[in-house]
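Mind the numbering: the sequence shown is residues 11 to 339 in the numbering used here, read in order. Data block below; observations after.
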Amino acid sequence: MTESRLFDRRSFLIAAGAAGLAGTHARAQANFPSRPITLIVPFAAGGSTDIVARLVGQKMGEILGQSVVIENRAGAGGNIGSTAVARAQADGYTLLLGTISTHALNPAILKTVTFDAVKDFTPISLLAIVPNVMVVHPDFPAKTVKEVLEVLKANPGKYSYASSGVGTPLHLSGELFKSLGGVQMNHVPYRGAGPALNDVVAGAVPIMFDNLPSSAGFIRNGQLRAIGVTTKARVSSFPDLPTIAEGGLAGYETYTWNALFGPANMPRPIVEKINQAANQALKDETVKKKLNDVSADIVGSTPEQLGEHVKVELAKWAPIAKASGAVVE
Ligand code: GLU
Numbered sequence: 011m012t013e014s015r016l017f018d019r020r021s022f023l024i025a026a027g028a029a030g031l032a033g034t035h036a037r038a039q040a041n042f043p044s045r046p047i048t049l050i051v052p053f054a055a056g057g058s059t060d061i062v063a064r065l066v067g068q069k070m071g072e073i074l075g076q077s078v079v080i081e082n083r084a085g086a087g088g089n090i091g092s093t094a095v096a097r098a099q100a101d102g103y104t105l106l107l108g109t110i111s112t113h114a115l116n117p118a119i120l121k122t123v124t125f126d127a128v129k130d131f132t133p134i135s136l137l138a139i140v141p142n143v144m145v146v147h148p149d150f151p152a153k154t155v156k157e158v159l160e161v162l163k164a165n166p167g168k169y170s171y172a173s174s175g176v177g178t179p180l181h182l183s184g185e186l187f188k189s190l191g192g193v194q195m196n197h198v199p200y201r202g203a204g205p206a207l208n209d210v211v212a213g214a215v216p217i218m219f220d221n222l223p224s225s226a227g228f229i230r231n232g233q234l235r236a237i238g239v240t241t242k243a244r245v246s247s248f249p250d251l252p253t254i255a256e257g258g259l260a261g262y263e264t265y266t267w268n269a270l271f272g273p274a275n276m277p278r279p280i281v282e283k284i285n286q287a288a289n290q291a292l293k294d295e296t297v298k299k300k301l302n303d304v305s306a307d308i309v310g311s312t313p314e315q316l317g318e319h320v321k322v323e324l325a326k327w328a329p330i331a332k333a334s335g336a337v338v339e
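Following this line, the structure appears as structure tokens:
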């Protein structure tokens, strides 16, 4: 075989190999999903991220014809689970239920974040925007924001508040309450709102800032007393509950949101398939009712809208987190 014929044969084999690989990829994309999808929740079970993931994931599984398996990878304000997804294969089988923590507040508050909220992920769909709430154990001697401020002012450093971890909106909610109210409280971070709630309901920690979906049941059955919602306006599911701003802390606002992300560079057809399944799941009557019951604002966006949302939120919260004193130096 001459040199040039050998070269031709080699290029042919390389080209054929590449075409074969492209064919395999195209088939894998057309057949997606052909096995269960893992949806990583970067917080413990029992928190609102877990609640939303199970609700939407179950419906998505029915739509896609493959189960969506929830895996709780809690810790470090959502950092651990997010890093796992950022480093996973970008084939659509490992997804993240991201929140304002993982994609806006961790980068603003934590000293070390082992992922880039923009570059390391493929945005898929913004599912819902969710109110937060300030709750206390029923034995806590205050019923309103004003009374809580009075109790804290009279007892500097005596009381603690629980949150879902450093770098979460619940941590920011507590620090904002302290800085705008001029009061002291100790922060007790947990691996998610689920374990934090257990301790607050048991009376081990008197105060908590939570996402409304995980606290709503405890508020309705009297195991927790709601003091105020953290949103700008009151919420329809608890119309008598004032906002914290109305209660006396003008300008006070926090919330969370839940969104689906995959690792960076996911194939577009797979992103579209997951996006459509997620947005269709949000239109299901049961899913809609459960989210409406806790005043979650159902969105269901395009991947591009979620990408834009992340950039806006990163820019919005960095100065607020810094001014609140939440930033870990
Ligand atoms: N939702 C989190 C949890 O399930 C708390 C913070 C957040 O919304 O990012 O514990």
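Ideal placement from N, C-alpha and C gives every residue a C-beta, glycine not left out.
{"Asked": "S173 - containing beta strand (DSSP E), residue span", "Found": "170–173"}
{"Asked": "Chain-order list of residues whose beta-carbon lies under 8 Å from that of K153 (same chain, five-residue window excluded)", "Found": "R235, I237"}
{"Asked": "Element boundaries [alpha helix (DSSP H), containing P199]", "Found": "Premise fails: P199 lies in the beta strand (DSSP E), 196–199, not in any alpha helix (DSSP H)."}
{"Asked": "Other residues of its chain near N116: CB distance less than 7 Å, five sequence neighbours each side excluded", "Found": "G87, G88, N89, V123, G177"}
{"Asked": "T266 vs T253 beta-carbon contact at 8 Å", "Found": "no"}
{"Asked": "Residue range of the beta strand (DSSP E) that includes I217", "Found": "217–221"}
{"Asked": "Stretch pair the stretch 100–109 + the stretch 182–200: three plus CB contacts closer than 8 Å", "Found": "no"}
{"Asked": "Segment contact, 8 Å Cβ cut-off, at least three pairs: the stretch 50–60 with the stretch 198–211", "Found": "yes"}
{"Asked": "Segments assigned beta strand (DSSP E), at least 3 residues, entirely inside the stretch 100–187", "Found": "104–109, 131–146, 170–173"}
{"Asked": "T296 - DSSP class collapsed to helix/strand/coil", "Found": "helix"}
{"Asked": "Proximity winner among P179, K156, D220, N196, relative to P166 (alpha-carbon distances)", "Found": "N196"}
{"Asked": "Local Cβ density within 10 Å of F17, reported as buried at 16 or more and exposed below that", "Found": "For F17, the predicted model reports a pLDDT of 47, less than 50, meaning its position is unreliable and no value from the coordinates is stated."}
{"Asked": "Check whether G57 and S224 have beta carbons under 8 Å apart", "Found": "yes"}
{"Asked": "Enclosing alpha helix (DSSP H) for T59 [first to last residue]", "Found": "58–74"}
{"Asked": "Local conformation of M11 per DSSP, three classes", "Found": "Only weak support exists for where M11 lies, its pLDDT of 43 falling under 50; the value from the coordinates is given anyway. The answer is coil: DSSP assigns M11 none of H, G, I, E or B."}
{"Asked": "A40, DSSP secondary structure in three states", "Found": "helix"}
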